[in-house]
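Residue numbers for the sequence shown follow my numbering, so the first one is 11 and each next one is one higher.
The beta carbon of each residue, even a glycine, is placed where N, CA and C say it ideally should be.
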Amino acid sequence: MNAPPEAPPAATPAATPTVANAVEVEKLWTVFRSPQGDAVVHRDLDLTVARGETLSIVGGSGTGKTVLLRQILGLETPTRGRITVLGQPAALMGTRGAASRVGMLFQHGALFSAFNVLENIAFPLRELRTLPAALIRDAALVKLQMVGLSAKDATKMPSDLSGGMIKRAALARALIMDPPLLLLDEPTAGLDPESADGFSELLCSLHRELKLTVVMVTHDLDTLLATSSRIAVLADQHVLVTGTAQEVMATPHPFIEHFFHGARGRRATELTAGSAIIP
Ligand SMILES: Nc1ncnc2c1ncn2[C@@H]1O[C@H](COP(=O)(O)OP(=O)(O)OP(=O)(O)O)[C@@H](O)[C@H]1O
Ligand SMILES: [Mg+2]
């Protein structure tokens, strides 16, 4: 008779590598070549995201925020430099099963119009083709409710949803495989102020409950101040400054001046004064 196999040791450091930083970007260069000439989007860009924090990236349009998120996700390869995500090179993230490590809410990421809400949420799990349909359905229902949608929304088609519901369903899809890292590209863009506030409250509670690391690109100052532990400003092709809102606002730069100290910025920072940044 064969001896029973030895039980594997309880979680070893090798099985569950614990790295202090969720994301490390070092000396990143992104250059797009075209017949009109080279466009340098990132030049020697460094960025570190600690585990468990919500780091927001702000910057003018076209400064390379979406490109940076796509590189962190492993969908695009930088021209030069190193990106490490959860202890591994980002290039390995674009492979099968990556959704269990990083969830992404794309800037213009719509739901699949031919699928209902539950089918959309379940999609990454179905793609794996390893789990029974009933289990996938149950997992999708849990996520549906986690993002504040109700069971009766499950069979609705995307065309019957409000903008806020679409964002919530897309967030549930990003979280379906319980990734420890969530990337959000303009999650509240196009939402009315009430829906945007509701969405940022949801982000705060998910961040607390799931102990997620969140990297968010946003132009929405209210969401930025309500959710971020730190802010990184992308300008002049690199990360100009990273810190709390107060630290960032103390940095002299035309973009920061315009973004935080313009009328819109003054209103948002007054409204959230004292309760803004999560320690
Ligand atoms: N595949 C590509 N080929 C050539 N240029 C590209 C490509 N992808 C992005 N770019 C250029 O890189 C720059 C940065 O684009 P990106 O989408 O990251 O900007 P962004 O900071 O997200 O802007 P926004 O705030 O408007 O969303 C833009 O000038 C864009 O045209
Ligand atoms: Mg963008």
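Identified DSSP bridge partners for residue i
i, result
"T58", "E34"
"M114", "L193"
"L65", "V225, R240"
"P99", "T94"
"G47", "S44"
"V157", "Beta-bridge pairing links V157 to no other residue."
Between the CA atoms of residue j and residue i - distance to the nearest angstrom
i, j, result
"V322", "T233", "The structure shown does not extend to residue 322, since the chain spans only 11 to 289, so no value can be given for it."
"I186", "A150", "7 Å"
"M114", "V225", "10 Å"
"E196", "Q117", "6 Å"
"H271", "F133", "42 Å"
"P168", "P142", "25 Å"
"L102", "G84", "7 Å"
"T26", "G174", "Here the model assigns T26 a pLDDT of 43, short of 50, so the residue's position is not dependable and the matter cannot be decided."
"T261", "N130", "42 Å"
"E86", "K166", "33 Å"
"H217", "I241", "16 Å"
"G72", "A144", "43 Å"
"P45", "I176", "39 Å"
Own chain, CB closer than 7 Å to residue i, minus 5 neighbours either side, in chain order
i, result
"R136", "I146"
"L181", "L115, V157"
"E36", "D56, G91, R92"
Contact belief for residue i with residue j at Cβ below 8 Å, rounded distance in angstroms
i, j, result
"V157", "R178", "4 Å"
"L235", "K75", "Contact doesn't hold; Cβ gap of about 18 Å is too wide."
"R53", "A32", "Contact flag wrong, Cβ pair sits at about 24 Å."
Spatial neighbours of residue i in its chain, beta-carbon cut-off 6 Å, leaving aside the 5 residues before and after
i, result
"V29", "G97"
"S210", "T233, A236, T237"
"P3", "This structure cannot speak to residue 3, because the chain is shown only from 11 to 289."
"L201", "G173, G174"
Which listed residue (the options) has its alpha carbon closest to that of residue i
i, options, result
"A184", "V127, L235, L141, L38", "V127"
"R111", "D56, A164, D188", "D188"
"K221", "P190, R80, W39, T198", "P190"
"C214", "E63, D54, N31, G70", "E63"
"L194", "T94, E267, V77, L159", "V77"
"D148", "A164, R139, T89", "A164"
"L192", "P45, S71, A108, S44", "A108"
"S239", "L171, L201, T58", "T58"
"I266", "Q46, L138, G70, A120", "G70"
Close beta carbons around residue i, own chain, < 8 Å, minus the five adjacent residues each side
i, result
"Q155", "A161"
"H229", "V68, E196, A199"
"L42", "In the sequence as displayed, the identity of residue 42 is Phe instead of Leu. Cβ neighbours of F42 beyond the five flanking positions: D48, A49, V51."
"P203", "D232"
"M259", "I266, F270, H271, T279"
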